[in-house]
Amino acid sequence: MNPHAVAFAGWQARLDDACGGLHAIRRVVALAETASTQDAPETRAAPAGTLVTAWRQTAGRGRFGRNWADTGTEGVAASFVVEAQSGERLALIGAIAAAEACEAALGAPVGIKWPNDTFVSGRKLAGVLIERRGDLAVIGIGINVSQQEFPPELSSRATSLAMLGAHADRIEVLCALMRSLDRALAATDESLVAGFHARDALRGTRALFATPEGPVEGEVRSIDPMHGLVVRTETGERFLPAQSTSVAEWGGIRVRAV
Ligand code: BTN
Numbered sequence: 109m110n111p112h113a114v115a116f117a118g119w120q121a122r123l124d125d126a127c128g129g130l131h132a133i134r135r136v137v138a139l140a141e142t143a144s145t146q147d148a149p150e151t152r153a154a155p156a157g158t159l160v161t162a163w164r165q166t167a168g169r170g171r172f173g174r175n176w177a178d179t180g181t182e183g184v185a186a187s188f189v190v191e192a193q194s195g196e197r198l199a200l201i202g203a204i205a206a207a208e209a210c211e212a213a214l215g216a217p218v219g220i221k222w223p224n225d226t227f228v229s230g231r232k233l234a235g236v237l238i239e240r241r242g243d244l245a246v247i248g249i250g251i252n253v254s255q256q257e258f259p260p261e262l263s264s265r266a267t268s269l270a271m272l273g274a275h276a277d278r279i280e281v282l283c284a285l286m287r288s289l290d291r292a293l294a295a296t297d298e299s300l301v302a303g304f305h306a307r308d309a310l311r312g313t314r315a316l317f318a319t320p321e322g323p324v325e326g327e328v329r330s331i332d333p334m335h336g337l338v339v340r341t342e343t344g345e346r347f348l349p350a351q352s353t354s355v356a357e358w359g360g361i362r363v364r365a366v
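If you want my numbering, it's the position in the sequence shown, counting the first as 1, plus 108.
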């Protein structure tokens, strides 16, 4: 039998066990392979409280229609279906859950680049995609676990737990993610904001943002769990919503056009 099939065969039982002590995550579905865990029929038909993961995700999606590279069997890909709530709160939940799961594997703190990228030494370790679907929302989280290298177009911007020195097993990272997600879903806004600020890579810096109304530049002040990132611009303070805003320039480096 294919060794991948043997290893995958143990996943569902491990994940069911991990689900046992949790509150918000009530059911886990492990798929052998899917294009995107966000779009799998198992996710689209799922009630709130369901986490769908894949042994292999071949066409993951990122924010604003970007690609999330096929990580083969080297990454964690999970989508959690939750009751719809404030998009800013969901962005904080995704950010804290991904960061805590990475920290558990690394045994060291990580940074968060608003709204919810996990960053270490200027490279992205994990990403979060939040999509609203009627009365539900789907929090999609991808974590780079055991890659030793990335394609040339990503190599200067991406990293993995293994490249950072952690000997992490994918299923353990996934179980840690389930625990951190469960905690974050139950956390108060105050504690989510505190967890975000403790890791915030943008706070106190100047940054340029792409927004639907055009570019916005200013100093990042804080995060508001209802209204988004608080930025002091030349014309006063503005709130930037996580769903529609992306960072275009940060730390003097242009990361995308505005
Ligand atoms: C980003 O950084 O832009 C977000 C990346 C989100 C990737 C995860 S992997 C699991 C889930 N399925 C997807 O297709 N995307 C998310």
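C-beta atoms are modelled at their ideal positions from N, C-alpha and C, and glycine is treated no differently.
Note that the structure is a prediction, hence the values are computed from the model and not measured.
Query - Spatial distance of T319 from A138 (CA atoms) - result: For this step, residue 319 is matched to residue 211 along the sequence shown. For this step, residue 138 is matched to residue 30 along the sequence shown. The alpha-carbon atoms of T319 and A138 are separated by roughly 36 Å.
Query raised in the report: Nearest to T267 by alpha carbon, out of Q256, A167, R241, A143?
Result: Reading the sequence shown from its first residue, position 159 is the one you call residue 267. It is Q256 whose Cα lies nearest to the Cα of T267.
Report task. Given a cut-off of 8 Å, decide if A234 and G250 are closer than it, judged by their beta-carbon atoms. Result -> Numbered from 1 along the sequence shown, position 142 holds the residue referred to as residue 250. Numbered from 1 along the sequence shown, position 126 holds the residue referred to as residue 234. In this structure, A234 lies closer than 8 Å to G250 by Cβ.
Report task. Report yes or no: do the region 119–137 and the region 146–162 share at least 3 C-beta pairs separated by less than 8 Å? Result -> yes
Report task. Determine, using beta-carbon pairs with one atom in the region 192–201 and one in the region 326–334, whether at least three such pairs fall under 8 Å. Result -> yes
Query raised in the report: Going by the C-beta, is A203 closer than 7 Å to any heavy atom of ligand 1?
Result: One-based indexing of the sequence shown puts residue 203 at position 95. Flag unset: Cβ of A203 not near ligand 1.
Query raised in the report: For R135, which of helix, strand or coil comes out of DSSP?
Result: The count along the sequence shown starts at 1 and reaches residue 135 at position 27. DSSP places R135 in strand when its eight states are reduced to three.
Query raised in the report: Among R329, I361, A365, which has the Cα closest to the Cα of L348?
Result: Sequence index remark: in the sequence shown, residue 348 carries index 240 (1-based). Of the listed residues, the one whose Cα sits closest to L348 is R329.
Query raised in the report: Going straight from the alpha carbon of S264 to that of R231, what length do you get?
Result: Numbered from 1 along the sequence shown, position 156 holds the residue referred to as residue 264. Numbered from 1 along the sequence shown, position 123 holds the residue referred to as residue 231. Using only the alpha carbons, I get a separation of about 7 Å.
Requested in this report: Note the first and the last residue of the continuous alpha helix (DSSP H) segment covering S299.
Outcome: Numbered from its first residue, the sequence shown carries residue 299 at position 191. Going by DSSP, S299 is part of the alpha helix (DSSP H) stretching over 297–307.
Query - CA-to-CA distance, S288 to A213, given in whole angstroms - result: Within the sequence shown, the letter at position 105 stands for residue 213. Within the sequence shown, the letter at position 180 stands for residue 288. Spanning the two alpha carbons is a distance of roughly 12 Å.
Report task. Count the C-beta pairs between the region 301–310 and the region 162–169 that are closer than 8 Å, then say yes if the count reaches three, no if not. Result -> no
Requested in this report: Please name the residue in G322, Q146, D225 whose C-alpha comes closest to that of A186.
Outcome: Along the sequence shown, one-based indexing puts residue 186 at 78. Answer by Cα proximity: Q146.
Report task. May I ask which residues mark the beginning and end of the beta strand (DSSP E) holding V281? Result -> Taking the first residue of the sequence shown as position 1, residue 281 is located at position 173. Here V281 belongs to no beta strand (DSSP E); instead the alpha helix (DSSP H) covers 278–294.
Requested in this report: Return the chain-ordered list of same chain residues with a C-beta closer than 6 Å to the C-beta of N224, the five sequence neighbours on each side being excluded.
Outcome: Against the sequence shown, residue 224 aligns to sequence position 116. Closer than 6 Å at the Cβ level, and outside the excluded window around N224, lie A199, G202, A203, V236.
**Report entry** Limits of the unbroken alpha helix (DSSP H) element including P149
**Finding:** For this step, residue 149 is matched to residue 41 along the sequence shown. That run of the alpha helix (DSSP H) goes 149–152.
Query raised in the report: Grouping DSSP H, G and I as helix and E and B as strand, with all else coil, what is W222?
Result: The residue labelled residue 222 in the question sits at position 114 within the sequence shown. Correct three-state label for W222: coil.
Report task. Quick one: using the 10 Å Cβ neighbour count with 16 as the cut-off for buried, is S229 buried or exposed? Result -> On the sequence shown, residue 229 is found 121 positions in, with the first residue counted as 1. It counts as exposed.
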